[in-house]
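Participant:
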Ligand SMILES: [Fe+3]
Ligand SMILES: [Fe+3]
Ligand SMILES: [Fe+3]
Ligand SMILES: [Fe+3]
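Chains as they are written, first to last, in full-length UniProt numbering: chain A, 1 to 124; chain B, 1 to 124; chain C, 1 to 124; chain D, 1 to 124.
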């Protein structure tokens with residue numbers, strides 16, 4: 001059957017420049033904000049032009065034992081050369097969790113499609 | 001391995017109220033705009049409250065033979081009771097294709113997660 | 001003082017191709033869904049290329065007598081030639097109101113900036 | 001005349017909890033990425049619940065002498081209690097400029113509407 005899930009590509013971000021890197025602590029305290037950073041280009045820069053760029057990141061959290069992931073945020077990079085202005089595919093925000101689980105990052109390149117990564121986090 | 005793809009649920013929209021319905025012609029002409037409508041609630045209404053609502057649709061197109069899907073649009077429903085105003089999970093836009101392929105719709109309920117559907121379209 | 005409001009341009013959509021047109025009934029019934037359509041290009045087409053395109057519409061409603069507008073939706077047109085696919089700046093959704101007021105549409109061209117329009121609607 | 005610009009509120013973020021704070025250097029080098037951070041709550045926390053929360057930031061840059069602002073990014077905070085998960089209205093990204101000008105931040109509270117702030121930046 002055709003599913004969108006088949007198009008969610010992944011890989012090692014050290015060698016594949018489309019894979020979003022998730023920067024988060026291994027452990028955090030329940031109800032305490034921590035910095036969650038998602039980036040592309042830590043090792044290999046991706047082009048940033050009108051014709052070819054990273055368009056957005058979506059971030060989800062799946063609490064262990066839950067049936068469903070919850071969307072944390074949607075981060076859209078809009079300037080890719082307009083007025084000689086560039087927004088790079090790097091974003092940080094502050095997140096509070098109350099249960100251990102898995103952070104998922106989804107990214108979209110306007111030419112090379114959808115890419116994902118995940119990172120487990122323990123909430124104490 | 002953990003992947004976001006595992007969380008993309010689907011089903012028959014006549015019985016499962018979270019599945020987005022794709023309204024598009026079976027055939028269209030290359031380079032000619034057609035109306036593409038995505039909706040939830042054709043058969044069974046989903047709740048529309050601050051606590052529980054359909055948050056957005058993303059629409060992709062996969063041209064046959066291509067490696068990657070292309071995002072067509074992102075449609076965010078923002079009013080779920082603020083000021084007694086409600087935006088329902090229904091959206092139409094106009095799309096031009098030049099190759100046959102598959103339309104994918106992805107929807108997100110803030111409680112029940114991610115749902116998808118697809119529809120093939122022939123471009124003549 | 002510098003304000004973003006200074007950059008919200010407007011005009012007659014019959015002569016200025018960036019102004020969003022708001023298609024809505026003059027009157028509607030409280031709590032009953034009506035179709036709200038926003039479009040650019042009814043009279044004069046705007047370019048739709050990677051270099052120059054209408055990027056998104058935001059729609060707000062201001063209930064009369066209220067201090068604040070409420071965001072109804074955010075509609076992002078993502079395909080401007082990738083894979084020879086084009087999403088045109090036209091969107092319809094279904095809205096329920098419970099009070100008379102004013103609909104505002106805001107659009108963004110990646111070259112020519114922000115444009116707005118408004119339309120009053122009576123809720124009976 | 002009715003304009004959306006009338007609803008763009010502002011104030012001193014030290015006393016008004018809805019005003020986005022723009023953290024950016026006074027000076028930067030042409031074509032060199034710098035960290036741009038936008039936040040609400042540096043001094044006074046805003047509520048973060050399903051009923052009342054900061055929904056998003058939009059960021060624009062107006063190069064001096066230009067007629068139009070360019071959108072840099074759109075940052076949407078999606079988790080406001082679903083699954084006991086919270087995304088706070090804080091975001092950082094990396095931006096490259098090539099001309100001096102003004103950064104504008106626009107924020108939206110689902111109850112108290114639109115708020116803006118600006119900060120000038122010199123590009124050497
Ligand atoms: Fe790419
Ligand atoms: Fe649901
Ligand atoms: Fe334009
Ligand atoms: Fe507020």
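Beta carbons: idealized from backbone N, C-alpha and C, even for Gly.
#1: Counting along the chain, where does the beta strand (DSSP E) carrying residue 74 of chain D start and finish?
#2: Count the other C-beta atoms from every protein chain shown that fall within 10 angstroms of the C-beta of residue 89 of chain B, then say buried if there are 16 or more, exposed otherwise.
#3: Confirm the yes/no value for this check: CB of residue 111 of chain C, any heavy atom of ligand 3, distance under 7 Å.
#4: Buried or exposed for residue 12 of chain C, going by 16 or more other Cβ atoms inside 10 Å?
#5: Could you work out which residue in D:119, D:82, D:41, D:100 is closest to residue 65 of chain D when comparing CA atoms only?
#6: Leaving out five residues before and five after residue 114 of chain A in sequence, what residues of the same chain have Cβ atoms less than 7 Å from its Cβ?
#7: Compute every distance between the C-beta of residue 52 of chain A and the non-hydrogen atoms of ligand 1, then say whether any falls below 7 Å.
#8: Which residue's Cα is closest to the Cα of residue 14 of chain D: D:112, D:95, D:41?
#9: Which residue from D:33, D:19, D:97, D:67 puts its Cα closest to that of residue 44 of chain D?
#10: My guess is that residue 95 of chain B and residue 34 of chain B are in contact by the Cβ rule of under 8 Å, so how many angstroms apart are they, rounded?
#11: Residue 71 of chain D and residue 30 of chain A - do their beta-carbons sit closer together than 8 Å?
#12: With a 10 Å radius around its C-beta and 16 neighbouring C-beta atoms as the bar for buried, classify residue 62 of chain A as buried or exposed.
#13: For residue 84 of chain B, name the three-state secondary structure that DSSP assigns.
#14: Taking 7 Å as the line, does the beta carbon of residue 18 of chain B fall inside it for any heavy atom of ligand 2?
#15: Where DSSP assigns a beta bridge to residue 96 of chain B, which residues make up the other side?
#16: Counting only Cβ-Cβ distances shorter than 8 Å, please list the residues of the segment 88-110 of chain A near chain D, keeping chain order.
#17: Between residue 87 of chain D and residue 121 of chain D, what straight-line distance do the alpha-carbon atoms span, to the nearest angstrom?
#18: Is residue 8 of chain C helix, strand or coil by DSSP?
#19: What residues in its chain sit with their C-beta under 8 Å from that of residue 104 of chain B, if we drop five residues either side in the sequence?
#20: When you compare only the Cα positions, how much space is there between residue 38 of chain B and residue 73 of chain B?
#21: Starting from residue 82 of chain D, find everything on chain B with Cβ-Cβ shorter than 7 Å and list it in chain order.
#22: Can you pull the chain A residues whose beta carbon is under 7 Å from the beta carbon of residue 50 of chain C, in chain order?
#23: Is it right to say residue 130 of chain B is buried, meaning 16 or more other beta carbons lie within 10 angstroms of its own, or is it exposed?
#24: Would DSSP call residue 117 of chain D helix, strand or coil?
#25: Who are the Cβ neighbours of residue 123 of chain D in its own chain at under 8 Å, not counting the five residues just before and after it?
#26: In the DSSP assignment, find the unbroken beta strand (DSSP E) run with residue 44 of chain C in it and report its ends.
#27: So is the beta-carbon of residue 80 of chain A under 7 Å away from any non-hydrogen atom of ligand 3?
#28: Assuming residue 46 of chain A and residue 111 of chain A form a contact by the criterion Cβ under 8 Å, report the distance between their Cβ atoms to the nearest whole angstrom.
#29: First and last residue of the beta strand (DSSP E) that includes residue 106 of chain C?
#30: Consult DSSP for residue 123 of chain D and reduce its assignment to one of helix, strand or coil.
#31: For residue 92 of chain C versus residue 77 of chain C, is the C-beta spacing smaller than 8 Å?
#32: Report yes if the C-beta distance between residue 5 of chain C and residue 81 of chain D is below 8 Å; otherwise report no.
#33: For residue 17 of chain A, count the other beta carbons within 10 Å of its own beta carbon; 16 or more makes it buried, fewer makes it exposed. Which is it?
#34: Please report how far the alpha carbon of residue 83 of chain C lies from the alpha carbon of residue 67 of chain B, in whole angstroms.
#35: Is there at least one non-hydrogen atom of ligand 3 closer than 7 Å to the beta-carbon of residue 46 of chain C?
#36: Who are the Cβ neighbours of residue 85 of chain D in its own chain at under 7 Å, not counting the five residues just before and after it?
Facilitator: According to the structure shown:
#1: 70-77
#2: So residue 89 of chain B counts as buried.
#3: yes
#4: exposed
#5: D:100
#6: If we look at residue 114 of chain A and ignore the five residues flanking it on each side, its Cβ neighbours are 7, 8, 9, 106, 108.
#7: yes
#8: If we check each option's Cα against that of residue 14 of chain D, D:41 comes out closest.
#9: Nearest option by C-alpha distance: D:19.
#10: That belief holds up - the Cβ atoms of residue 95 of chain B and residue 34 of chain B are roughly 6 Å apart, short of 8 Å.
#11: no
#12: buried
#13: helix
#14: Yes, ligand 2 has a heavy atom inside 7 Å of this Cβ.
#15: C:86
#16: Those would be 88, 90, 91, 92, 93, 94, 95, 96, 97, 98, 99, in chain order.
#17: Those two C-alpha atoms are separated by around 28 Å.
#18: coil
#19: 59, 60, 61, 62, 69, 116, 117, 118
#20: In a straight line, the C-alpha of residue 38 of chain B is about 11 Å away from that of residue 73 of chain B.
#21: Within chain B, the C-beta atoms nearer than 7 Å to that of residue 82 of chain D come from 110, 111, in chain order.
#22: 50, 51
#23: The structure shown does not extend to residue 130 of chain B, since chain B is modelled only from 1 through 124, so no value can be given for it.
#24: strand
#25: Closer than 8 Å at Cβ, skipping near neighbours: 27, 28, 29, 30, 97, 98, 99, 100, 101.
#26: It is not in any beta strand (DSSP E) - residue 44 of chain C carries neither H nor E in the DSSP assignment.
#27: Checking the Cβ of residue 80 of chain A against ligand 3 gives no.
#28: Not a contact, Cβ separation roughly 10 Å.
#29: 101-109
#30: In this structure, residue 123 of chain D counts as strand in the three-state DSSP scheme.
#31: no
#32: no
#33: buried
#34: 11 Å
#35: yes
#36: 79
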